[in-house]
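A.B. asks:
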Amino acid sequence: MLENVLEKFIDNLFLFITGKKKPNGCLLVKKHSDNLNTHGDISFPNTPKPWYGFLKCNSNEKNTLLENLNTSSLNLTNESRGWELQISKVTEDKERVYLFLDRSSAVRIGLLSALRNNNFISTRINVTVSTVSIDPACENTDCLTSLRVEYVKKTLANLCSVFEHLSSIVVSSKSSSNYSNSKRMLCGPVLNASTLVKETTVTAKDLIKNRQEEMMSIAQHKYGVRISEDSKWKEFIDHLGESAVVFELLQTRPSSAVKINMNCSLMGSSKGASFILYNCARLETIIRTYNERVSEGTYPSLPDFNETDFTLLTHEDEWYLIFNFILGLPSLLSSCVDLEGSKCEFKPHQICSFLCSMVRVFSQYYRKIRILTEPRKHLLPVMFARIHMLIILNDTLKTCLRILNIKSVSQM
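Just so we're aligned, residue 54 is where the sequence shown starts under our numbering, counting upward by one.
(1) Helix, strand or coil: which one does DSSP assign to M238?
(2) In this structure, how does DSSP classify D391 when only helix, strand and coil are distinguished?
(3) CA-CA distance, L108 and T71?
(4) Check L247 in the structure and name its three-state DSSP category.
(5) What would DSSP say about V255, mapped onto helix, strand or coil?
(6) Looking only at its own chain, which residues have a Cβ that is under 7 Å from the Cβ of N332, when we skip the five neighbours before and after it?
(7) Cα separation between N77 and S388?
(8) Going by CA-CA distance only, name the one from N65, L59 and K74 that's closest to K84.
(9) Quick one: what's got a C-beta closer than 7 Å to L239's C-beta in the same chain, skipping five residues either side?
(10) So what's P98 in DSSP terms, helix, strand or just coil?
(11) Following the continuous beta strand (DSSP E) through K312, name the residue where it begins and the one where it ends.
(12) Would you call the region 426-446 in contact with the region 175-189, where contact means no fewer than 3 C-beta pairs closer than 8 Å?
(13) Under the criterion of a Cβ to heavy atom distance below 7 Å, does C453 qualify as lining the ligand FMN?
(14) Cα separation between F216 and K421?
(15) Find the nearest neighbour of M442 within the set S463, Y419 and N458, judged by alpha-carbon distance.
(16) If you draw a straight line from the C-alpha of N171 to the C-alpha of T248, how long is it?
(17) Does G135 pass the burial test, meaning 16 or more other C-beta atoms within 10 Å, or should it be called exposed?
(18) With N314 and A246 assumed to form a contact (beta carbons below 8 Å), what rounded beta-carbon distance in angstroms separates them?
(19) Take the Cβ of K451 as the centre, count every other Cβ of all protein chains shown within 10 Å, and call the residue buried at 16 or more, exposed below.
(20) Buried or exposed: where does D195 fall if 16 or more other Cβ atoms within 10 Å of its Cβ makes it buried?
(21) Which residue from K147, T305, A257 and I379 puts its Cα closest to that of C405?
(22) Using CA coordinates, which residue listed in S233, A257, D188 and R201 is at the minimum distance from V223?
(23) So V462 and A334 are in contact, right, with Cβ under 8 Å, and what is the actual spacing, rounded?
(24) Pull up the distance between the alpha-carbon of L64 and that of T198, whole angstroms please.
(25) Just the C-alpha distance for V202 and G394, rounded to the nearest angstrom, thanks.
(26) Could you give the distance in angstroms between the alpha-carbon of T91 and the alpha-carbon of F363?
(27) Measuring only the C-alpha atoms, how far is L466 from L209?
(28) Would you mind listing the alpha helix (DSSP H) stretches within the region 188-219 that are 4+ residues and don't spill past its ends, in chain order?
(29) So, T342 versus L425, is the Cβ gap smaller than 8 Å?
(30) Between which residues of its own chain and V298 is the CB-CB distance below 7 Å, once the five residues before and five after are set aside?
(31) Terminal residues of the continuous beta strand (DSSP E) containing V82?
(32) Hey, would you say Y204 sits closer than 8 Å to L302, going by beta carbons?
(33) Rounded to whole angstroms, what is the Cα-Cα separation between S467 and E337?
(34) Please classify I530: does DSSP put it in a helix, a strand, or coil?
(35) Which of helix, strand or coil does DSSP assign to F358?
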C-alpha cells in the first residue's frame, strides 16, 4: 500500500497532544501549502477549546494548549526525534503552534518514500478492476457526456486498483438509473458554454479534432514548436488533442456540469493541459540531456541515491516541490476516492489541480535555477541531488497523468 509519511507525522503529533489515535476526518492539525518559510509546514490550534473531547487534562481556557498539557515546544521537538519526520523548530502565538520540519532529513525520506510509492502505483495500475463499469444506457454513443462518463470510469478504475477497492460501481449520466447491488457514480452533463444546455450537436470526434488544432496552435506560438508533416508529428498532435479533452472533462467535479466552447480564441480550453505536458517534456529533456552528457563523457554517471547529498537541496522552491507534491501525492490520491460504507465520492478534479500547481512551481524553479551546470567538481554534488529530485518529480507527474489516462510526452 502507499506510504504516507506526512500522515504518519500528523498521527504521531495527534497522539502526543491527546494520547489518542487521530480519528478519520479530523482536521485540527493543518498541513500548509504556502508560506512554509515563515509559517512552517504544519500547525495546530494553541487554545484548548478546539481540542475538547480529545484532551485528557483539565483545560484552563486562559492558558495555551501546551500550557494545559504541562509541556513545551522543546518537549515536542524532543519527542519528534523518535518519529520518521522530525521537528527542527517550533513557534507559537496565542492562536496556533507552527512546526518547521527538519528539511535535511525530510528531503531524503520524502524522495525515498516517493520512489517506492511510484513503483507501487505503477504495479497496481496494471491490475484490471472489473468492478467499475459504465451504465449500458451511456455506452456506444458519440455524445460528449458519454465521452466524459468513459473518462471518469477509467480514472475511477485506476484509483480503485491503487487502493484495492472491490466495491461494484456503475458510472452513469442518467439520474434515473438504479442499481441496487452497486454504488452509483453520477456524472454531470457536458453543456454548450453559449446556450448552457446539454451539447448534442458536437460529437466526441469534433471536440477532439478542435482541441488538436488548438494544441497545435499553442505549441507553435507559445512554445515555439516547429510544425512537421510526417506521421509521427501527426500522431503527437493527435495525442495532445485527446489529452486536452481528457483534462478538460475531468478538471470539474464529476457530479457538476462541464461547459465547453468550440471557439479556441475565446476560451483557450487547452492551456492547462498544454502547460502540464510542456513541463513534462521539459523534465524529460533535462534528464535526457544529462544522460547524453554522461555518454559523451562531459558529466560523471549519476551517483546512487544513497551516495547523494540531499542536504544540498536548500532552495525554497525545492522544498515546495518535495513537501507539497512529492510527499503530498499519497494524501492527494486518498482524498480523491471515498467508498466507505454507502459513500461513493470521487474527485479526479483534485488531481488536475494538483498537476497545475506542481508544474507552476516547477516552471518557476526552472526559470530561477540553472540545473545542468558546468562539470566543475564543486558544482557536481548539488547537480546530482537536483537530478535525483527531478527524476522523482517527473515520475510523480507521470503517475498522476497515468491515473487520468493521459500519456506523458518526452518532447515538444
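Yeah, the Cβ is synthetic: ideal placement off N, Cα and C, and Gly gets one too.
C.D. replies: Quick answer:
(1) strand
(2) strand
(3) 5 Å
(4) Reading the sequence as shown, one finds Ser at residue 247 and not Leu. Looking at S247 - three-state DSSP - the assignment turns out to be coil, as it is neither helix nor strand.
(5) coil
(6) V412, F415 and S416
(7) 12 Å
(8) L59
(9) S225, S228 and S308
(10) strand
(11) V311 to I313
(12) no
(13) The ligand FMN is absent from the structure shown, which contains no ligands of any kind.
(14) 37 Å
(15) Y419
(16) 43 Å
(17) exposed
(18) 4 Å
(19) buried
(20) exposed
(21) T305
(22) D188
(23) 5 Å
(24) The identity of residue 64 in the sequence shown is Asp, whereas the question assumes Leu. Rounded to whole angstroms, D64 to T198 spans 41 Å at the Cα level.
(25) 23 Å
(26) 22 Å
(27) The first residue shown for the chain is 54 and the last is 465, placing residue 466 beyond what the model contains.
(28) 197-216
(29) yes
(30) L260, I261 and R264
(31) Looking at the DSSP string, V82 is not in any beta strand (DSSP E), and its letter there is neither H nor E.
(32) yes
(33) The requested residue 467 does not occur in the structure, where the chain is confined to residues 54 to 465.
(34) Absent from the structure is residue 530, since the part of the chain shown begins at 54 and ends at 465.
(35) helix
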